[in-house]
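Worksheet: one structure, shown below.
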Amino acid sequence: MTTRTVGAGHGWKWIVQGVNVGRANPRAVYGATAVVALLALIPNVIQAVLQLAFGLDAGTQIMIVGAMSLVSIIVYPLLIGGVLQVIDAVEHRRPARPTDVFATFTGGNAGRLIGFGVLMGALYIATFYALVSAFGDGVMEWYMQILTISQEMGAQSTPATPPDLPLPPAGIGPLMALAIFFGVYYATVYAIGLGQVSLGGRPVLQAFTDGLGGALRNVLPVIVAAVIAMAGGFALMLAFAMVVTIISVVASLVHPGLAALLVLPLYLILLLVLYIVMFGAMYAMWRDVCGPQDADAAPGPTPGAGHDGSRIEL
Numbered sequence: 008m009t010t011r012t013v014g015a016g017h018g019w020k021w022i023v024q025g026v027n028v029g030r031a032n033p034r035a036v037y038g039a040t041a042v043v044a045l046l047a048l049i050p051n052v053i054q055a056v057l058q059l060a061f062g063l064d065a066g067t068q069i070m071i072v073g074a075m076s077l078v079s080i081i082v083y084p085l086l087i088g089g090v091l092q093v094i095d096a097v098e099h100r101r102p103a104r105p106t107d108v109f110a111t112f113t114g115g116n117a118g119r120l121i122g123f124g125v126l127m128g129a130l131y132i133a134t135f136y137a138l139v140s141a142f143g144d145g146v147m148e149w150y151m152q153i154l155t156i157s158q159e160m161g162a163q164s165t166p167a168t169p170p171d172l173p174l175p176p177a178g179i180g181p182l183m184a185l186a187i188f189f190g191v192y193y194a195t196v197y198a199i200g201l202g203q204v205s206l207g208g209r210p211v212l213q214a215f216t217d218g219l220g221g222a223l224r225n226v227l228p229v230i231v232a233a234v235i236a237m238a239g240g241f242a243l244m245l246a247f248a249m250v251v252t253i254i255s256v257v258a259s260l261v262h263p264g265l266a267a268l269l270v271l272p273l274y275l276i277l278l279l280v281l282y283i284v285m286f287g288a289m290y291a292m293w294r295d296v297c298g299p300q301d302a303d304a305a306p307g308p309t310p311g312a313g314h315d316g317s318r319i320e321l
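Just so we're aligned, residue 8 is where the sequence shown starts under our numbering, counting upward by one.
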């Protein structure tokens, strides 16, 4: 199975297909995505509860975030791989249910999915360390100061004045630019590579190589998709902020707690929409770059089915 090069217009198609994903069986696709979206909130809830209960300092918060990230590196590939299998089943008119998202935890591909997630996680950490070491002089200290000020603001319920906020270090501009570049590239590698493991049955290193090559061969459509996603995300967040502001102002006239009660469902809906589009675009990207050219002749595996048993291949 080799990677293919597609035109720049496919970047737009990936986003559109992400919006339209699951039309044949919305209950399965939307349900599976909702499960992943809700599970993704658990680390944030745990961190918030610990912060309220123990008043964690900035260093402890960083440690908790790091621990949650390590767990996510292992668990998320299984969940995302499960969603991709559900989408693939729906696209090929095979039976699928929302609970099929958990089929990867017991299927033969579980070891490969975890291995791919660990490999990508190690790449993320190594790249982050290299970028901060080269361009991030003073960035970590500045970030810790921001966290400390945020904690003080939360404890005192009073906003900090602009002079209280430290200025960002000089090297943060190049650091952010490189972080965006590598973030987009690695996200593409992750989408293609995880699709190869979950749907193509490829071993970890071969899937990783496919992801690296597929991302490099399709720079133009990836850039188009990234620009559209960023612009659309910004517009969506702006519209959401306006709606939240209106609801908060009106609801506060009735009761201060009513605003949070009304905004929370909207936030969850927005989160679900973003996840649906993201997973749909990931599937479309994998299918165009690495998927079978004749989808009907070479359908992907049913949810939870392994490629060759339970071996972990590298």
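Heads up, the beta-carbon is just placed ideally off N, CA and C, and yes, glycines get one too. Predicted model only: the values in this text are computed from it and were never measured.
Query, Result
"Own chain partners of Q213 with C-beta closer than 8 Å, once the 5 adjacent residues on each side are dropped", "Q203"
"CB contact flag (V93, A39, <8 Å)", "yes"
"Residues near V284 in its chain [Cβ-Cβ closer than 6 Å; skip 5 each side]", "G25, V26"
"D107 - DSSP class collapsed to helix/strand/coil", "helix"
"Secondary structure of Q203, DSSP reduced to three states", "helix"
"Distance between R224 and I230 (C-alpha atoms, nearest Å)", "12 Å"
"Cβ distance (whole Å) where A238 is taken to contact T195 below 8 Å", "Their Cβ separation, rounded to whole angstroms, is 18 Å, which puts A238 and T195 out of contact at 8 Å."
"Residue of F189, G143, G200 minimising C-alpha distance to G180", "G143"
"L7 and A44 closer than 8 Å at C-beta", "Residue numbering for the chain in the displayed model covers 8 to 321; residue 7 lies beyond these limits and cannot be assessed."
"Proximity winner among R294, C297, G298, M289, relative to G22 (alpha-carbon distances)", "Sequence check: residue 22 is Ile here, not Gly. Cα-wise, what sits closest to I22 is M289."
"Exposure of G66, with buried meaning 16 or more beta-carbon neighbours within 10 Å", "exposed"
"Buried versus exposed call for T9 [16 or more other C-beta atoms within 10 Å across all chains shown]", "exposed"
"Unbroken stretches of the beta strand (DSSP E), 3 residues or longer, contained in the segment 70-129", "none"
"Classification of A74 by the beta-carbon crowding that lies within 10 angstroms, buried from 16 upward", "exposed"
"G200 vs F188 beta-carbon contact at 8 Å", "no"
"Exposed unless 16 or more other CB atoms sit within 10 angstroms - verdict on I121", "buried"
"Closest residue to A184 among V139, A291, R104, I254 (Cα-Cα distance)", "V139"
"Outcome for A55 when other beta-carbon atoms lying within 10 angstroms are tallied against a minimum of 16", "exposed"
"For D64 and L57, the rounded distance between their alpha carbons", "11 Å"
"Span separating the alpha-carbon of G18 from that of H262", "45 Å"
"Collapsed DSSP secondary structure at Q152 in the structure displayed", "helix"
"Residue from G114, V250, G298, A198 with nearest C-alpha to A267", "V250"
"Selected residue, minimal CA-CA separation from G190, among E98, M127, R104", "M127"
"F7 burial status per 10 Å Cβ neighbour count (16 or more: buried)", "Residue 7 falls outside the range modelled here, since the chain spans only 8 to 321, and no answer is possible."
"Outcome for R294 when other beta-carbon atoms lying within 10 angstroms are tallied against a minimum of 16", "buried"
"Residue interval of the alpha helix (DSSP H) (run including H3)", "Since the displayed the chain opens at 8 and closes at 321, residue 3 lies outside it and no answer follows."
"Exposed unless 16 or more other CB atoms sit within 10 angstroms - verdict on S259", "exposed"
"Element boundaries [alpha helix (DSSP H), containing Q213]", "211-224"
"Closest by C-alpha distance to M70, when choosing among E159, M151, Y274, P102", "M151"
"Cα-Cα separation, G178 to A110", "45 Å"
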